Amino acid sequence: VRLIFRTFEELGTLGGLLRYLAHHQIQLGIRVREGPGKGELVWRRPNRATLQTMLKHPLYAGSYVYGRRQEDPRRKQPEQPRSGRVVMTMDQWLVLLPNHCPAYIAPEQYDRNQARLQANRARADAMGAARSGAALLAGLVVCARCDCRLTVHYDDGGARLHTYECVERWTHYGEPKCQHLAGPCLDTFVSQQVLAALEPAA
């Protein structure tokens, strides 16, 4: 646990931390929460979601909290008891008791970590929305090897030269990138196929 926080402070990014752990084959100890092995300690490879949860949880800085996630009745779905839970801001937590538990890091380091995570995220405020760029197939190309959706990468920082890259497992598990291909030639091929299919209706 201390290695995780120390490495994040050195590298400064969640992705860098994940790749460091994957490269050094460092696993995380997890308590099984349900099923036949409930309560047992098992070792699993790290993933992005688990590391992000650790970095964001105030317990590691010695604070007991309750109500970080609360139920929003508007998002509740029938027959799904755990649905409708949303992350609340710190001022909306129901309980916050600083210096209440043994700490792995100082509260000051916890605050620095949250600021760093937020700063890293600031570049992705518009994720999921249509964005500028020449890529014709953004969000549409799927990897034939692992069935993950490819992302668009612009090589020159502009909006012309681009590639489609399969980085899902690299992003979430620190594994090597799966594959990539040049964007303009694929865009041209798909455009020709679409125009050919539409030609009889022209």
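All you need for the numbering used here is the position in the sequence shown, starting with 1, plus 28. We put the CB at the ideal spot given by N, CA and C, even for glycine. Keep in mind it's a predicted model, so treat the numbers as computed, not measured.
Where residue i and residue j are concerned, what is the direct C-alpha to C-alpha distance, given to the nearest angstrom?
{"i": "W121", "j": "N127", "result": "16 Å"}
{"i": "A210", "j": "P64", "result": "48 Å"}
{"i": "L164", "j": "Y192", "result": "11 Å"}
{"i": "E37", "j": "I133", "result": "11 Å"}
{"i": "R173", "j": "C206", "result": "8 Å"}
{"i": "T35", "j": "L45", "result": "6 Å"}
{"i": "G95", "j": "Q55", "result": "29 Å"}
{"i": "M155", "j": "L145", "result": "Only weak support exists for where M155 lies, its pLDDT of 42 falling under 50; the value from the coordinates is given anyway. Taking the straight line joining both Cα atoms gives about 16 Å."}
{"i": "E107", "j": "D100", "result": "15 Å"}
{"i": "Q53", "j": "A230", "result": "57 Å"}
{"i": "L79", "j": "G161", "result": "32 Å"}
{"i": "R97", "j": "M118", "result": "10 Å"}
{"i": "S219", "j": "A143", "result": "44 Å"}
Where does residue i land, buried or exposed, given buried means 16+ other C-beta within 10 angstroms?
{"i": "H190", "result": "buried"}
{"i": "S111", "result": "exposed"}
{"i": "C213", "result": "exposed"}
{"i": "A152", "result": "With a pLDDT of 43 at A152, under the threshold of 50, the predicted position of this residue should be treated as unreliable, though the coordinate-derived value follows. A152 comes out exposed."}
{"i": "V60", "result": "exposed"}
{"i": "V123", "result": "exposed"}
{"i": "M82", "result": "buried"}
{"i": "F217", "result": "exposed"}
{"i": "Y88", "result": "buried"}
Considering only DSSP beta bridges, list what residue i is partnered with.
{"i": "T81", "result": "In the DSSP output, where bridge partners are listed per residue, T81 has none listed."}
{"i": "A134", "result": "For A134, which the question treats as bridged, DSSP gives no partner whatsoever."}
{"i": "E193", "result": "T179, H208"}
{"i": "Q142", "result": "In the DSSP output, where bridge partners are listed per residue, Q142 has none listed."}
Grab me the residues of residue i's own chain with a C-beta within less than 8 Å of its C-beta, minus the 5 sequence neighbours each way, in chain order.
{"i": "K104", "result": "S111, G112"}
{"i": "N75", "result": "L46, H200, Y201"}
Between residue i and the rest of its own chain, which residues show a CB-CB distance below 7 Å, the 5 nearest in sequence each way excluded?
{"i": "A158", "result": "Residue confidence for A158 is low, a pLDDT of 46 falling below 50, so the modelled location carries little weight; the figure read from the coordinates is stated next. Excluding residues within five positions, none has a Cβ falling inside 7 Å."}
{"i": "P130", "result": "G90"}
{"i": "W198", "result": "P204, K205"}
{"i": "R47", "result": "G202"}
Sorted by chain position, which residues of the same chain lie with C-beta nearer than 6 Å to residue i's C-beta, five sequence neighbours on each side aside?
{"i": "I58", "result": "V70, R72"}
{"i": "R177", "result": "V170"}
{"i": "A166", "result": "V180"}
Roughly how far, in whole angstroms, is the beta-carbon of residue i from the beta-carbon of residue j, given that I think they are within contact range, below 8 Å?
{"i": "H51", "j": "G202", "result": "7 Å"}
{"i": "T41", "j": "N141", "result": "That belief does not hold up - the Cβ atoms of T41 and N141 are roughly 11 Å apart, past 8 Å."}
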